[in-house]
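Peer 1: Have a look at this one.
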Amino acid sequence: MNQLRKLLLVVTVAAVVIAGGPAAPATAAGTKKGVSAAAFTGVTTALADVGARWFYTWAADPQGITAPAGTEFVPMIWGRGSVTPDRLQQAKASGSTLLAFNEPDLAGQAEMPVETALDLWPQLEATGLRLGAPAVAYGGDTPGGWLDRFMSGAAARGYRVDFIPLHWYGGDFSTAATGQLRSYLQAVYDRYHRPIWVTEYALIDFSGPAPRYPSAAEQADFVSRSTAMLNGLSFVERYAWFSLSTSTTPTGLYTGTTPNASGAAYRAAG
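According to mature numbering (1 follows the signal peptide of the UniProt record, and there is no 0), the residues represented by the sequence shown are -28 to -1, 1 to 242, in order.
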């Protein structure tokens, strides 16, 4: 290695340390695609057919799902009630990476104060697993927001946060949606300099009294556009559509083992 290359390497490493987090790896597109899943008849066949390289179940174990060959299970500690020796050991035995609290900023989900999450964090760290931040429902890029206060508190206490999972639901069903998602991911990465996992995303408009969904064609077009974008972002390590089955959500990719238009588009991605 010549002196110029050594100097560039030192400067790069120093910039990462100053930024407060590890450099985002250049993740190969073919390893990124995953999906959230609940058990249903044919789930293993659907996981294999869609080409998911990883999946999660919002739980510390696979919930009875048998992973197809080449598909990794990623455990989650969903909320404060899941921080028990049994669940933590279950997670440790189930995978090498741990997802943390699910939407702690949202009532009806893992709702908890930032201080509670910080107080519980050492028990998650003690698993030794690679560890993602709590996945906020929104506002991951907001100064003083839930995630911002958590990340500041974690830094002050010397806690480890290896990557940041995010959720995103778009209420604009036009082709602009992909750019809106990209802008959000870029803003979060620029703020925290941690690799990003998009662990829930789809087009759903939550602004009214009831959720509003796009047409099948609009959703499938967004799947194609968004996966191409996510595969091209080096700081996005993984992404997971919400969700695998239409029995879980209208945005599901499969009914039983049969893909719909969005499922076919997701299968073609990456």
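Glycine included, C-beta positions come from ideal geometry on N, C-alpha and C.
1) Considering only residues of the same chain and omitting the five flanking positions on each side of W54, which have a CB-CB separation below 7 Å?
2) Would you list the residues sitting across from A212 in a DSSP beta bridge?
3) Whose C-alpha, out of K5, L19 and G6, is nearest the C-alpha of T230?
4) Closer than 6 Å by C-beta to V7: which residues in its own chain qualify, once you throw out the five before and the five after it? Chain order, please.
5) Assuming T69 and P40 make a contact with CB atoms under 8 Å, what is their CB distance in whole Å?
6) Measure how close the beta-carbons of A63 and L103 come, nearest whole angstrom, since I'm counting them as under 8 Å.
7) Within a Cβ cutoff of 6 Å, which residues of the same chain sit near M201, ignoring the five residues on either side of it in sequence?
8) Just checking: is the beta-carbon of R121 within a distance shorter than 8 Å of some beta-carbon in chain B?
9) By the three-class DSSP mapping on this structure, what secondary structure does S217 have?
10) Does the beta-carbon of G80 have 16 or more other beta-carbons within 10 angstroms, so that it is buried, or is it exposed?
11) Hey, L119 and I168: beta-carbon distance below 8 Å or not?
12) Are P85 and P106 touching if we call contact CB-CB under 8 Å?
13) Output the residue ranges of the beta strand (DSSP E) runs that lie fully inside the segment 90 to 170 and measure 3 residues or longer, sorted by chain position.
14) To which residues of the same chain is E172 closer than 6 Å at the C-beta, ignoring the five residues directly before and after it?
15) Report the partner residues of M48 according to the DSSP bridge assignment.
16) Using 10 angstroms around the beta-carbon of G36, count the other beta-carbons present and answer buried if the total reaches 16, otherwise exposed.
17) Is it true that the CB of Y185 sits closer than 8 Å to the CB of T223?
18) Where do the ends of the beta strand (DSSP E) carrying Y28 lie?
19) In the DSSP assignment, the alpha helix (DSSP H) including M201 goes from what residue to what residue?
20) Could you say which of R239, A72 and F194 lies nearest to V46 if we only look at CA atoms?
21) Whose C-alpha, out of L175, G180 and Y131, is nearest the C-alpha of A189?
Peer 2: Looking at the coordinates:
1) A quick correction: the sequence has Ser, not Trp, at residue 54. Residues of the same chain with a CB within less than 7 Å of the CB of S54, apart from the 5 flanking positions on each side, are A32 in chain order.
2) Answer by DSSP bridge pairing, in chain order: G6.
3) With distances taken between Cα atoms, T230 lies closest to L19.
4) Result list for V7: A24, F27, A212, W213 and L216, in chain order.
5) Between T69 and P40 a beta carbon distance of about 18 Å is seen, past the 8 Å cut, so the two are scored as non-contacting.
6) The pair is not a contact, with the Cβ atoms about 10 Å apart (cut-off 8 Å).
7) So the list reads T150 and R154, once near-sequence residues are dropped.
8) Absent from the structure: chain B. Only one protein chain is present.
9) The DSSP-derived three-state label of S217 is strand.
10) It is exposed - the Cβ of G80 has fewer than 16 other Cβ atoms within 10 Å.
11) In this structure, L119 keeps its C-beta atom at 8 Å or more from the C-beta atom of I168.
12) Against a cut-off of 8 Å, the Cβ pair of P106 and P85 comes out as no contact.
13) Complete beta strand (DSSP E) runs here, min 3: 136 to 142.
14) Around E172: H139 and F214.
15) For M48, DSSP records a beta bridge to L71.
16) Burial is judged here by how many other beta carbons sit within 10 angstroms of a residue's own beta carbon; G36 has fewer than 16 and is exposed.
17) Contact: yes.
18) Per DSSP, Y28 is one residue of the beta strand (DSSP E) stretching across W26 to Y28.
19) M201 -> alpha helix (DSSP H) spans A188 to G204.
20) Here the closest residue by C-alpha is A72.
21) Nearest C-alpha to A189 among L175, G180 and Y131: L175.
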